[in-house]
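**Student:** Number 415 in our numbering belongs to position 407 of the sequence shown; there are no gaps in the numbering.
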Amino acid sequence: MAKNSQTPLVSFEDLRPYVKLVGKNWWLLVGLAIVGYAGGRLVTHQMVDVHKATAEILVNQESSSSIESMLPSRGVSRNFGYYNDEVQNQLRVLRSYDLVGRAIDKIADHVDYHLVGRIKEMPVQGFSAISVEANAEGFAPSMAGRAMDLFVLDAQRCRIVLNATDSEDDQTELEARFGERVTEGGIDLVVRLDEEVARDAARLEAAAKQHFRIRVKTRAMRIGQYRGALQTTNVERTSVITMTCSDVLPDRAKRFLDTLAATYIDYTAEARLATNVQTEKFINEQLQEINALTDTLERQVDYYRAQNEVLDLTREQNEFFNTLVDLERQLREMDVQAESLNDLGVFLSSPDGSAELPPSSYFMLDDPWMADQIGDLMEFEAKRTALLLDVKPGSYQVRRLDSSAQHVRGNVVSYLSDKMGTVERRRIDLQSSIRELESRLSGLPKTQRDILAMERKLGVNEKLAVYLLERKAATIIARASITPEAQLIERARYGGKVGPDKRRTILTYTAVGFLIALALAVARMVFFERIESTSELRESVEAPVIAGIPFYKEMGDDPIACRADSRSAVTESFRALRTNLQYLLAKEGANVILVSSLHPQEGKSFVSANLASILAKAGKKVALVDFDMHKPRMHTYMGLANERGASSLMIGKASLKEIMKPGAYPSMDVLTAGPVPPNASDLILSDRMKGTIAELKANYDYVILDTPPILLISDALVLMEHVDTALLVTNVEKSSRRGVQHLEDLLEQNGLKHASFVLNGVRTKRWAYYYNRYATKYGYATYGAEYGYGYGYGGSERYKDQDAKA
């Protein structure tokens, strides 16, 4: 039963590009990551720690107000009580521009102090050696918030450097005396030197070495700074508000929170105090008018009695007089009520209840139902204001609230109309009764009647004054009972460091450095990738790859590797190449091999010389021809003279037999390039070249033509039409995917299909190196697996160094 073979999900071939990417660029990845880490450390060293402070305020859910104490109705208190929704409003009040501005005005701190070091700028509470008094509103807009550097020159003078911009070129230097006001350059400040520092030479010298820096911020800048640093949250299911402020100076954050909390607590009582004061003001105005009228009446009565003889009233007439006074007092009270109702009607007719508080005269009414309804309207208005902070005016919640408020408003308006009618009817009845009593008293003498009228008015005013004094006393008592609707339950305390996250910054810089290195590595792989193995070369080209030649270190000692060491890896690779050529040249009479490359210095001459040598060692008769007449090198490899050669043959100055020279082996002849001609490419196109190749092909088993690089000179492309196969040599130090693909495109454009690739300079892995040495020592070495020999043409053939026939 056959076992099911499982294919791994990820093979080494899938991972090889990534392993190669890391292996070739590890130094770049590690180097830039280290640079990023160092940069992150430097940046975090310059960062200033940010601290936070916290405080807590309790918002009273139910608190008494002056209005509630003045009126018997318990419903009015709901207008000004705080509910859960109101707590959300107070969160916004705490961060409002005006409230934060009040706190800033109380603190009156407009100067930021910094000590500047070599790398880091450290914020401090103040300087020990000098002090700065700045008028922030006197600063020009261009200088507000800008850095100003201070340097102590001596006990009397200092130097001020103004930085209007971030550029060092845009600086203004001023010299000022300590204690004198400086208004030049758009600033307004006074710098003072500490008296103890001025008397101590050592401390003065130390101060002269320090670099002081200040920034003066306007009120608007401070408000924006603290509003941005302030956070307010509501503790769930409570009316407790937590305030958090972040600052580079923890004590400054604590001071701001304490000041803001005190300002807010005072603010919560201001609205109710304003209502109380408004009521008292109305009462005082009424009392002032009544007292003035009373004084006038008293003087008139006294004067009238002194000028005229007045008879005593009868008992019945005296009762009529007292009743008349009481009726007129009631009529006056009805007039006050009518005025209050009229003011309330104006308040209710305002668009969308735009008035913040009911009119002060309204508080003179004693109507519990009316107070409850007005309280409901005020509550609806407060909820609507809170909703508009989160939703649009046309939303469902706002429309529903408006509908409820409109219903209550309609009821109040209807009730108010009935109430005004009742008051008016009562006024008419009182006026009728007054006229009746006046008619009964009309029988008195005119002088007596005048006295009675004045005394009647005087009595009415006195009783009304007593009533107003009672209301004033109640208002003053209510003011004493007004307390803030919030209280500080936890003073500002230090909450720890909140930033910056230096570890995260360092990791970010390191990651950015690594990613940049990775991007560069990918770019190198995409645009400058070198082909390092025959397998990579096969993936890049369609032509056969028939051999991979290991890197030959002894090139300077002996370029013929087959002669230097017959058992080396290089020699074995040429034996494998010789084997594969037999399959490429399987056609009868096919024995002409062209060797070229894309770039210079890729090893084409090295491959030509060693290929000819390995064929000659096998007993083949080989002709090695140097057709690179532009930059000949074959004669140096073989140690031959180059007075005459292929160039001489092409111009007819020598015959082939005359210029053929013996090579490294008995069966090997070499035709050197000869003197470099001025028209080498033209000689390649001559008819003699074709005859020379035909003569060599007839007399030798193998003819190997060493030609110039294809990228520089087209000689190889011309000669390729007259050979049986072509070997294109690429070197791992210069070959790239784009290069070999360009070479294939050139061959395709010229219709040349009989070319194969040879990869030169392959770096042998250490483990493969020891394996090959061991295998070679015992005669089992095969290089097809390591270097990719035998591209479908059979295994590598192990030739012996003895003379043998192919």
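Using N, Cα and C, we set each Cβ at its ideal position, and we do this for glycine too.
Does DSSP put V740 in a helix, in a strand, or in coil?
**Tutor:** coil
**Student:** Hey, quick one: how far does the beta strand (DSSP E) through F159 stretch, first residue to last?
**Tutor:** 155 to 160
**Student:** L602 and A688: beta carbons closer than 8 Å?
**Tutor:** No, they are not a contact pair.
**Student:** When the Cα atoms are used, what is the spatial distance from S348 to D384?
**Tutor:** For S348 and D384, the distance between alpha carbons rounds to 19 Å.
**Student:** Taking only three categories from DSSP, how would you classify P25?
**Tutor:** helix
**Student:** From V578 to G653, what distance separates their C-alpha atoms?
**Tutor:** 29 Å
**Student:** Classify L477: buried if its beta carbon has 16 or more other beta carbons within 10 angstroms, exposed otherwise.
**Tutor:** It is exposed - the Cβ of L477 has fewer than 16 other Cβ atoms within 10 Å.
**Student:** Among G747, F220, M658, L619, which has the Cα closest to the Cα of L632?
**Tutor:** L619
**Student:** Kindly give me the distance between the Cβ atoms of T267 and A111, rounded to whole angstroms, as I take these residues to be in contact under 8 Å.
**Tutor:** Confirmed, about 5 Å.
**Student:** Can you give me the C-alpha to C-alpha distance between P401 and D410, rounded to a whole angstrom?
**Tutor:** 10 Å
**Student:** Can you look up Y118 in the DSSP assignment and give me helix, strand or coil?
**Tutor:** Tyr is not the amino acid found at residue 118; the sequence shown has His there. Correct three-state label for H118: coil.
**Student:** Specify, as a first and last residue, the run of the beta strand (DSSP E) that F220 falls within.
**Tutor:** 220 to 224
**Student:** Can you grab the Cα-Cα spacing for the pair L197 / S139, in whole Å?
**Tutor:** 10 Å
**Student:** Is there contact between the region 273 to 287 and the region 508 to 515, where contact requires at least three CB pairs shorter than 8 Å?
**Tutor:** no
**Student:** Could you give the residue range of the beta strand (DSSP E) that holds S764?
**Tutor:** 763 to 770
**Student:** Strictly by DSSP, which residues pair up with M130?
**Tutor:** Per DSSP, L123.
**Student:** Could you tell me how far apart the beta carbons of A63 and E493 are, in whole angstroms, since I believe they sit closer than 8 Å?
**Tutor:** Going by Cβ atoms, the distance from A63 to E493 rounds to 17 Å, so no, they are not a contact pair.
**Student:** First and last residue of the alpha helix (DSSP H) that includes I514?
**Tutor:** 510 to 536
**Student:** Answer yes or no: do Y105 and I231 have a C-beta to C-beta separation smaller than 8 Å?
**Tutor:** Cβ distance < 8 Å, so Y105 and I231 count as in contact.
**Student:** Do you know offhand how far S81's Cα is from S425's?
**Tutor:** With a pLDDT of 39 at S81, under the threshold of 50, the modelled position of this residue cannot be trusted; read the value that follows with caution. Approximately 21 Å between the Cα atoms of the pair.
**Student:** With DSSP run on the structure shown, which of helix, strand or coil describes K628?
**Tutor:** coil
**Student:** Comparing C-alpha positions only, which one of I557, A551, L37 sits nearest to G769?
**Tutor:** Closest option to G769, judged by alpha-carbon separation, among I557, A551, L37: I557.
**Student:** Work out the CA separation of I622 and L589 for me, nearest whole Å.
**Tutor:** As the crow flies, the alpha-carbon of L589 is around 12 Å from that of I622.
**Student:** Assess, as a yes-or-no matter, whether the region 203 to 220 is touched by the region 142 to 155 under the definition of 3 or more beta carbon pairs within less than 8 Å.
**Tutor:** Contact check between the region 142 to 155 and the region 203 to 220: fewer than three CB pairs, one atom from each, fall below 8 Å, which does not count as touching.
**Student:** Please return the same chain residues whose Cβ sits closer than 6 Å to the Cβ of S616, not counting the five positions on each side in sequence.
**Tutor:** V603, I712, D714
**Student:** How is E76 classed by DSSP in three states: helix, strand or coil?
**Tutor:** Note that E76 scores 40 on pLDDT, short of 50, meaning its location in the model is unreliable and no value can be drawn from it.
**Student:** Would you report the Cα separation of W35 and T518, rounded to the nearest angstrom?
**Tutor:** Distance between the alpha carbons of W35 and T518 is about 15 Å.
**Student:** When the Cα atoms are used, what is the spatial distance from K128 to F220?
**Tutor:** For K128 and F220, the distance between alpha carbons rounds to 13 Å.
**Student:** What residue from V766, N707, I659, Y45 has the CA that sits closest to A734's CA?
**Tutor:** V766
**Student:** Which term fits A23, buried or exposed, when burial requires 16 or more other beta carbons within 10 angstroms of its beta carbon?
**Tutor:** It should be noted that the sequence gives Leu, not Ala, for residue 23. Label assigned to L23: exposed.
**Student:** Do R103 and L238 count as a contact pair if the criterion is CB distance below 8 Å?
**Tutor:** The beta carbons of L238 and R103 sit closer together than 8 Å.
**Student:** When we look at the beta-carbon of D677 and count the other beta-carbons within 10 Å, is it buried (16 or more) or exposed?
**Tutor:** buried
**Student:** How big is the Cα-Cα spacing for I568 and P685?
**Tutor:** 27 Å
**Student:** Have a look at N292 and A282 and give me their C-alpha separation to the nearest angstrom.
**Tutor:** 15 Å
**Student:** Go to Q609, then tell me how far its alpha helix (DSSP H) extends in each direction, as first and last residue.
**Tutor:** From DSSP, Q609 is part of no alpha helix (DSSP H); its letter is neither H nor E.
**Student:** Can the beta-carbon of L445 be found closer than 8 Å to that of R337?
**Tutor:** no
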